[in-house]
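Line by line, the protein sequences are chains A and B. Heads up, the first sequence is in this note's numbering, so the first residue is -9 and it goes up one at a time. Heads up, the second sequence is in this note's numbering, so the first residue is -10 and it goes up one at a time. Note that beta-carbon positions come from the ideal geometry of N, C-alpha and C, so glycine has one too. Step one of this worksheet: look at the structure below.
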Amino acid sequence: MTDDKLQLGHIPEDAREPSLVPAPIAALASLIIPGLGQALARSARRGLILFFSFITVVGLTMWRFGIAAPRDTGWWAIFKKGLYLDPFLIVVTILLFILYIWIAIDAYSLAKVRTKTPLGVFIALMVMFFALGWQIAQIDLVGFVSNADDALPALGRVGWPWSKAIDYELTEIRADAEIEIPCSDAPPPENTLSGDEPIIISTPTCGNLRDQDGTDNPGTELHLEGYNFSPGIEVDIMWEDPIGDEFRQRQGGEYVIVIPDENGYFEIDIEMPYALLPPSAREPTYIWEVFGHQIEEVGAAKLSHDFKLIVEKMIETIFMGMMATFFGILFALPVSFLAARNLMSISPLTLAIYYLVRFILNIIRSIEPIIWAVIFIIVVGLGPFAGVLALVLHSIAALGKLYSEAIESIDPGPIEAVQATGANWIQTVMYAVVPQIIPPFVSFTIYRWDINVRMSTIIGMVGGGGVGFLLIQYIRVLDYRSAGMCVWFIAITVAILDYVSAEIRARFV
Amino acid sequence: MLEVRHLSKTYADGTKALKDVSFSVPDGEFLVVIGLSGSGKSTMLRCINRLIDPTEGEILWDGVDLAQLKGEDLRKARRKIGMIFQHFNLVKRSSVLKNVLAGRLGYTPSWNSLIGRFSAEDKIKAFEAIKRLGIEDQIYKRASELSGGQQQRVGVARALMQDPEMILADEPVASLDPVLAHSIMQYLELLNQEDKITMVCSLHYLDLVQRYATRVIGLKDGVLVYEGSKADIRAMTDEQFKDIYGQDAERVGGGLEGDLGVKVGGAA
């Protein structure tokens, strides 16, 4: 007897009453309307569950077919196209069919053996939902693996971004040679080496520009020699045209970059570039400049601008969280007394206030801080203040609820005992109420501070100030190293905060 | 001398907890109140020190009607009446010392107690009370770290701090096991006999009643149904007791009586 009753999901009454119809009829009924057979076998609840589950599954499947074949009309065409386009739908269709049959089998065996458990058919249902869920959520494990190669460089930068934390003072080294286009009778003189100044010497100092396709009319070959550059640092070979535009020399599609030897010397042959000058600018000859351009790091390493900015914003974030928590407590304390049922059930009026306060708190709490931030940005503009306001509001609601629940759960015994000693009201509060609510209050407050710092990083993303603002900008300009630094700082701060709050809580609670 | 006359209490929901109860307690008496749960024992005790306001009746204590007192006068009266609770009603997170010192609040100016300052005499008094109850090793522990018996001793010490002339004990041993029950009751008996503190104590166990009471009153559904002297209650059989008290009356276990570790006061 106990064995029957212990079976999963089984209703004891089922075991006693025989089925209304013979087993084959029940199976047939379930084939006509899934679940009907179970209902006829006196398992109405199981039948209902199966009926609605089956309808849901069929509906979801039809929806997926509709999405797979958006341009077809007529259910048969959509069905065929869906199966053709999305192999996954074949699996879903087969599962659906299995489920349909299984429900009939379940009805049959339920009508025959009254103690049958519904486990099998519900597992079939679960598999069906799982298959649909896989499809609806667009889970793509292949994509996850095949895209990993492309993602790795970016992930590497996020994972270890610290090369961007260090910066050097930069100096620009530039030396140019004048080139006359085309050659006239008196081309500019060659530069001559004098002293330690960087210099570029070009031979010849005049020539013709290349044609657009470069096959008929190649540009003049120039032999460039550079002296006194910084050894071992890349030199870009660049041009400056008569109207002051600078552009890099390309050779075979690549930028031309040379690395000077230990004496700061290099030599290279280049073909003069293609360039189009507007007819209005045509003159008999022009003076162009070819130049070597080098950027050298000088002086000691120092923290980069980005690094400093991130630290600055991180501090801003932490203090946003702190100020939000502070003002949150300030307002939540009085509000929590209004939201404590045991204090507010004195009269119908106070009870009405209690319900009103609870209602407002619930509404405020159910709207995420990030949405409040968007609202407050409209009011006070972009920046940390909007973020703080959003967090304050949400903190009041969250803390108000937590505090009031702490007040509701205090033990009335000590209050009675302290009153009985002849203590007055304020003494009773100090000796019987406060010691009871301090630990939960401290605990909730620290927890909230923790949340607020974490939330303020997110709130920055909609413009509410703090490091989140920076983070979302770096992500948008694909500066993964700086974004990585933001992530690191957030992670470190949250970890420290977590530790500190656990320590404080352990002391107080 | 405590005289309760025609005391009635009707709660806001219409429950009549006490119906016209009258009795008197001479000074130095150990009065035990018996009765079923819900018979009005707790309500009656709380009416005496006005944790609950009675609906009707007089509670005359040394000629003053406690039922009429308000504000400062009520607090002054309360501090001479100690109270001990079934669930000890200690602030669990506070230390034993702080819990005991709380008994002195009625004598301490508000501004001093707000910053937690008690006079040196109060502290010495607290140490003495704690020592008298044998819990001096636990003095700086949190109340929640103590066992049930130790917590009730803290409760007794807190009541002692009030220099009470009367102690109201609301089922002081109902949460304790039999051995501890006797131990606590013996402390109460000691205070009754040595310090001449009037005891009004509600109890559940018949043999504790027989052992400690000098007078007994019985309540049933808020009505006083029995009043008897020490001799009367000793002569009473279990059947009679159950008749007044209700079917859930029980003995602690008679064998324990007489061979207890804690022996204080005049054992019967």
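Can you name, in chain order, every residue of its own chain whose Cβ lies under 7 angstroms from the Cβ of T275 (chain A), other than the five neighbours on each side?
-> Reading the first sequence from its first residue, position 285 is the one you call residue 275 (chain A). Same-chain partners within the cutoff: E170, I171, P172, S174.
Consider the Cβ of V408 (chain A): report whether some Cβ of chain B lies at a distance smaller than 8 angstroms.
-> Counting from one through the first sequence, the residue named residue 408 (chain A) turns up at place 418. Cβ-Cβ to chain B under 8 angstroms: yes for V408 (chain A).
Per-residue DSSP class, three states only, for I516 (chain A) = Residue 516 (chain A) lies beyond the stretch modelled for chain A, which goes from -9 to 499, so this question has no answer here.
Quick one: which residues of the segment 411 to 433 of chain A get their C-beta closer than 7 angstroms to a C-beta of chain B? List them in chain order.
-> T411, G412, A413, N414, I416, Q417, M420, Y421, A422, P425, Q426, P429
Would a C-beta distance cut-off of 8 angstroms place I308 (chain A) and T435 (chain A) closer than the cut-off?
-> Against the first sequence, residue 308 (chain A) aligns to sequence position 318. Against the first sequence, residue 435 (chain A) aligns to sequence position 445. Their beta carbons are not under 8 angstroms apart, which means I308 (chain A) does not touch T435 (chain A) by this criterion.
Would DSSP call A16 (chain A) helix, strand or coil?
-> Looking up residue 16 (chain A) in the first sequence gives position 26. In this structure, A16 (chain A) counts as helix in the three-state DSSP scheme.
Rounded separation between V370 (chain A) and F349 (chain A) - CA only = Locating residue 370 (chain A) in the first sequence gives position 380, counting from the first residue. Locating residue 349 (chain A) in the first sequence gives position 359, counting from the first residue. Distance between the alpha carbons of V370 (chain A) and F349 (chain A) is about 26 angstroms.
Test: G403 (chain A) CB closer than 8 angstroms to a CB of chain B = By 1-based counting over the first sequence, the position of residue 403 (chain A) is 413. Closer than 8 angstroms: yes.
Alpha carbon to alpha carbon, how far is M155 (chain B) from L197 (chain B)? Give it in angstroms, no decimals.
-> The residue given as residue 197 (chain B) occupies position 208 in the second sequence. The residue given as residue 155 (chain B) occupies position 166 in the second sequence. L197 (chain B) and M155 (chain B): Cα-Cα distance of roughly 20 angstroms.
DSSP state of H0 (chain A) mapped onto helix, strand, coil = Taking the first residue of the first sequence as position 1, residue 0 (chain A) is located at position 10. Any reading at H0 (chain A) needs caution, since the residue's pLDDT is 49, under 50, leaving its predicted position unreliable; the model's value is listed next. It is coil, neither helix nor strand.
Using a threshold of 8 angstroms, state whether the C-beta atoms of P24 (chain A) and Y98 (chain A) are closer than that.
-> Here residue 24 (chain A) refers to the residue found at position 34 of the first sequence. Here residue 98 (chain A) refers to the residue found at position 108 of the first sequence. Against a cut-off of 8 angstroms, the Cβ pair of Y98 (chain A) and P24 (chain A) comes out as no contact.
With a Cβ-Cβ cutoff of 8 angstroms, do P221 (chain A) and N253 (chain A) count as a contact?
-> Numbered from its first residue, the first sequence carries residue 221 (chain A) at position 231. Numbered from its first residue, the first sequence carries residue 253 (chain A) at position 263. Their beta carbons are under 8 angstroms apart, which means P221 (chain A) touches N253 (chain A) by this criterion.
Alpha-carbon to alpha-carbon, A329 (chain A) and I386 (chain A) = Counting from one through the first sequence, the residue named residue 386 (chain A) turns up at place 396. Counting from one through the first sequence, the residue named residue 329 (chain A) turns up at place 339. About 12 angstroms.
Do N88 (chain B) and L79 (chain B) have their C-beta atoms closer together than 8 angstroms?
-> Numbered from its first residue, the second sequence carries residue 88 (chain B) at position 99. Numbered from its first residue, the second sequence carries residue 79 (chain B) at position 90. Going by C-beta atoms, N88 (chain B) is nearer than 8 angstroms to L79 (chain B).
Ends of the beta strand (DSSP E) at K130 (chain B)?
-> The sequence position of residue 130 (chain B) within the second sequence is 141, counting from 1. Looking at the DSSP string, K130 (chain B) is not in any beta strand (DSSP E), and its letter there is neither H nor E.
Kindly indicate which residue of A:G209, A:P178, A:F281 has the alpha-carbon position closest to the one of Y217 (chain A).
-> On the first sequence, residue 217 (chain A) is found 227 positions in, with the first residue counted as 1. Cα-wise, what sits closest to Y217 (chain A) is A:F281.
Cβ of V80 (chain B) less than 8 angstroms from any chain A Cβ?
-> For this step, residue 80 (chain B) is matched to residue 91 along the second sequence. Cβ-Cβ to chain A under 8 angstroms: yes for V80 (chain B).
Given a threshold of 16 other Cβ atoms within 10 Å of its Cβ, counted over all protein chains shown, does Y489 (chain A) qualify as buried or as exposed?
-> In the first sequence, the residue the question calls residue 489 (chain A) occupies position 499. Burial call: exposed.
Hey, V47 (chain A) and L109 (chain A): beta-carbon distance below 8 angstroms or not?
-> Taking the first sequence and counting its residues from 1, one reaches residue 47 (chain A) at position 57. Taking the first sequence and counting its residues from 1, one reaches residue 109 (chain A) at position 119. No. Outside cutoff.
Taking the Cβ atom as the reference point for each residue, do L389 (chain A) and A485 (chain A) lie within a distance shorter than 8 angstroms?
-> Working through the first sequence from its first residue, we reach residue 389 (chain A) at position 399. Working through the first sequence from its first residue, we reach residue 485 (chain A) at position 495. No, Cβ-Cβ distance for L389 (chain A) and A485 (chain A) is not below 8 angstroms.
Whose C-alpha, out of B:L180, B:S102, B:S136, is nearest the C-alpha of L165 (chain B)?
-> Position 176 of the second sequence holds residue 165 (chain B). Answer by Cα proximity: B:S136.
Could you list which residues in chain A have their beta carbon closer than 7 angstroms to that of L192 (chain B), in chain order?
-> As a position in the second sequence, residue 192 (chain B) is number 203, starting the count at 1. In chain order: nothing, as chain A lies at least about 19 angstroms away.
If you measure from the beta carbon of G29 (chain B) to each beta carbon in chain A, is any gap under 8 angstroms?
-> Indexing the second sequence from 1 puts residue 29 (chain B) at position 40. No, because no Cβ of chain A sits closer than 8 angstroms to the Cβ of G29 (chain B).
If you draw a straight line from the alpha carbon of A473 (chain A) to that of P178 (chain A), how long is it in whole angstroms?
-> Numbered from 1 along the first sequence, position 483 holds the residue referred to as residue 473 (chain A). Numbered from 1 along the first sequence, position 188 holds the residue referred to as residue 178 (chain A). Looking at the two C-alpha atoms, the distance is approximately 50 angstroms.
Proximal chain A residues relative to A91 (chain B), where beta-carbon distance stays under 9 angstroms = Here residue 91 (chain B) corresponds to residue number 102 of the second sequence, with the count starting at 1. Simply P404, A407, V408, T411, A413, Q417, Y421, A422.
Rounded straight-line distance, which links the Cα of N207 (chain A) to that of Q239 (chain A) = As a position in the first sequence, residue 239 (chain A) is number 249, starting the count at 1. As a position in the first sequence, residue 207 (chain A) is number 217, starting the count at 1. The straight-line gap from Cα to Cα measures roughly 18 angstroms.
From what residue to what residue does the alpha helix (DSSP H) around F74 (chain B) run?
-> On the second sequence, position 85 is the one that residue 74 (chain B) refers to. No alpha helix (DSSP H) contains F74 (chain B), which DSSP labels as neither H nor E.
So which residues on chain A does F74 (chain B) lean against when the C-beta distance must stay under 7 angstroms?
-> Taking the first residue of the second sequence as 1, we reach residue 74 (chain B) at position 85. Going along chain A in sequence order, the residues near F74 (chain B) (Cβ under 7 angstroms) are G403, A407.
Would the segment 54 to 73 of chain B and the segment 411 to 421 of chain A be scored as touching if the rule is three or more Cβ pairs under 8 angstroms?
-> yes
Which two residues bound the contiguous alpha helix (DSSP H) that contains W92 (chain A)?
-> Here residue 92 (chain A) refers to the residue found at position 102 when the first sequence is read from its first residue. 77 to 102 is the extent of the alpha helix (DSSP H) around W92 (chain A).
Exposed or buried, Y245 (chain A), counting other C-beta atoms within 10 Å across all chains shown (16 or more means buried)?
-> To locate residue 245 (chain A), count along the first sequence from 1; it is residue 255. Exposed, by the Cβ-count rule.
Check each residue of the segment 94 to 110 of chain B: if its Cβ is closer than 7 angstroms to any Cβ of chain A, include it; give the result in chain order.
-> L94, G95, S99, S102, L103
Beta-carbon spacing of S491 (chain A), Y437 (chain A) below 8 angstroms = Walking along the first sequence from the start, residue 491 (chain A) turns up at place 501. Walking along the first sequence from the start, residue 437 (chain A) turns up at place 447. Against a cut-off of 8 angstroms, the Cβ pair of Y437 (chain A) and S491 (chain A) comes out as a contact.
Listed by chain order, chain A residues near R64 (chain B) by CB distance under 8 angstroms = The residue given as residue 64 (chain B) occupies position 75 in the second sequence. The answer, in chain order, is G412, A413, N414.
Per DSSP, what kind of secondary structure is D2 (chain B) in: helix, strand or coil?
-> For the purposes of this step, residue 2 (chain B) is taken as the residue at position 13 of the second sequence. Here D2 (chain B) sits in coil by DSSP.
C-beta neighbour in chain C for Q175 (chain B), strict 8 angstroms = Here the protein chains are A and B, and chain C is not one of them.
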